[in-house]
Structures are given as structure tokens and as C-alpha cells.
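S.K.: In the working numbering, the protein residues as written are 30 to 163. Even for Gly, the Cβ is constructed at its ideal location relative to N, Cα and C. Handing you this structure, nothing more for now.
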Amino acid sequence: MSSPSSTSLAGAASLSRAEIFVVDDDAAVVDSLMDLLSDEGYRVQGFTRPLEALDRLACGARPRAVLLDYVMPEMTGDEFLSALASAGVDVPVLLLSGVNEPNIRGAVAGVLAKPFDVDRLLVVLDRLTGGAKA
30 MSSPSSTSLA GAASLSRAEI FVVDDDAAVV DSLMDLLSDE GYRVQGFTRP LEALDRLACG
90 ARPRAVLLDY VMPEMTGDEF LSALASAGVD VPVLLLSGVN EPNIRGAVAG VLAKPFDVDR
150 LLVVLDRLTG GAKA
């Protein structure tokens, strides 16, 4: 049985954890990133359909960062960025791209080429989230 103070401390810790959205049409990539980032102390929501992530954002979700695939069948990274801007959603987006030189028209916080270095990803996320983890 936990005491009220330990329960409130656990609740405070979970509130301080940065939430990250992972948006990629490849379910294996989403699952891998969700596992990695969860192990690193982030709260993670994964989406294989970018429109679902946009709907969540339109309903008020405000993750500390979005990891976004550039090439997806439902919509491109540029289209996702345009939809974010049109909705007035201001969230840092880290583009993950297998394209050598993606022609990005929207605002992004950074671009990591696939396959990306995990340590580099974690450094960039730490910078984007201000180190807000568990």
C-alpha cells in the first residue's frame, strides 16, 4: 500500500515526463522508437497514420516534440508540416528521412537521415525537450 505522499510524487514524476509523438508509416520503426524512447524516460505515442496524429494535435495534445517520417503514403512530411501550420499548432518537429536531400518547405527543428544514429537522436530530443524526462 502506498502512502499519499509517495502516490503524489509518482504522479508529479509522470507529469514532468516529456511526451513525444512518433509518426511513421512503418509500424516496425514506430514500435522500435516507442520502445527506445520509453526506456529513456519519455512518454511516447506512436502513429502509423499521420492524419490520426494531426487529429490528436487538433484536439489539444501538445507533445514536446514530433518525430516525423518524410515519405509516407497517406501524406508527405511537407503536407503534415503545412497542416500543423494551418491549424496554428506550434510543436518542434524532427524530420526522419531516408531521402538524401529532402526538399522541406515547412519549419522543422532538425533533420536526421535514416538510418539514424540512436545517440544523436537522443541528444537532439534532449535539446528539443529541455531534458524533461522521468
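Is Glu103 near Leu123, with beta carbons less than 8 Å apart?
M.R.: No; because the gap between Cβ atoms is not below 8 Å, this pair is not in contact.
S.K.: Taking DSSP as the reference, what is the three-state secondary structure of Ala142?
M.R.: Ala142: strand per DSSP, three-state reduction.
S.K.: Is the region 105-114 in contact with the region 139-149, if contact means three or more CB pairs nearer than 8 Å?
M.R.: Cβ pair count under 8 Å is below three, so no.
S.K.: Helix, strand or coil, according to DSSP, for Glu108 in the structure here?
M.R.: It is helical.
S.K.: Mind checking which residues open and close the alpha helix (DSSP H) that includes Glu81?
M.R.: That run of the alpha helix (DSSP H) goes 79-87.
S.K.: Within 10 angstroms of the Cβ of Pro144, are there 16 or more other Cβ atoms? Answer buried if so, exposed if not.
M.R.: So Pro144 ends up on the exposed side.
S.K.: Roughly how many angstroms separate the alpha carbons of Val73 and Asp55, rounded to a whole number?
M.R.: Spanning the two alpha carbons is a distance of roughly 16 Å.
S.K.: Let me check you understand the geometry: is the CB of Ser67 closer than 7 Å to at least one non-hydrogen atom of the ligand SAM?
M.R.: The ligand content of the structure shown is nil, which means the ligand SAM is not present either.
S.K.: Pull up the distance between the alpha-carbon of Leu44 and that of Leu83, whole angstroms please.
M.R.: Low per-residue confidence applies at Leu44: pLDDT is 40, beneath 50, and the placement is therefore not dependable, though the value from the model is reported in the following sentence. If I take the Cα positions, the gap works out to 22 Å.
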